[in-house]
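Numbering (the working numbering), first residue to last: 42 to 142.
Here the structure comes first, spelled out in structure tokens, and everything after it is commentary.
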């Protein structure tokens, strides 16, 4: 992605990469975008409840695997969640009624 820069001498030049000096450079913009994207994916992933006795590092590794998959192929993560939704809705119905009593 290129953009045109006009300096004080009315000459134009096309730059693709802007270094970090006194302004916000290309790397700073890419870094903040990537960091925000990773945090959004990490918060959006809701893995199933782990089996009893599963080590915490395995839970984190499982969630990290889903996060990488969501980064590379989000449609696979969405396709995996679609069949689970009706089951979860059916499981949650008795709890909603019990909470209102």
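Beta carbons are placed, not taken as given, at the ideal position from N, Cα and C, and that holds for glycine.
Which same chain residues end up closer than 7 Å to residue i when comparing Cβ atoms and leaving out the 5 residues on each side of it in sequence?
i	result
residue 69	61
Please name the residue, chosen from the options, that lies closest to residue i on a Cα-to-Cα basis.
i	options	result
residue 108	91, 130, 131, 79	79
residue 81	126, 115, 131	115
Contact defined as beta carbons within less than 8 Å: I believe residue i pairs with residue j. What is the distance between those atoms, to the nearest angstrom?
i	j	result
residue 103	residue 88	6 Å
residue 86	residue 111	6 Å
residue 100	residue 91	5 Å
According to DSSP, is residue i helix, strand or coil?
i	result
residue 59	coil
residue 64	coil
residue 94	coil
residue 109	helix
residue 86	coil
Return the first residue and the last residue of the alpha helix (DSSP H) that residue i is part of.
i	result
residue 116	115-122
Below 6 Å CB to CB, which residues in the same chain sit around residue i once its five sequence neighbours on both sides are set aside?
i	result
residue 63	none
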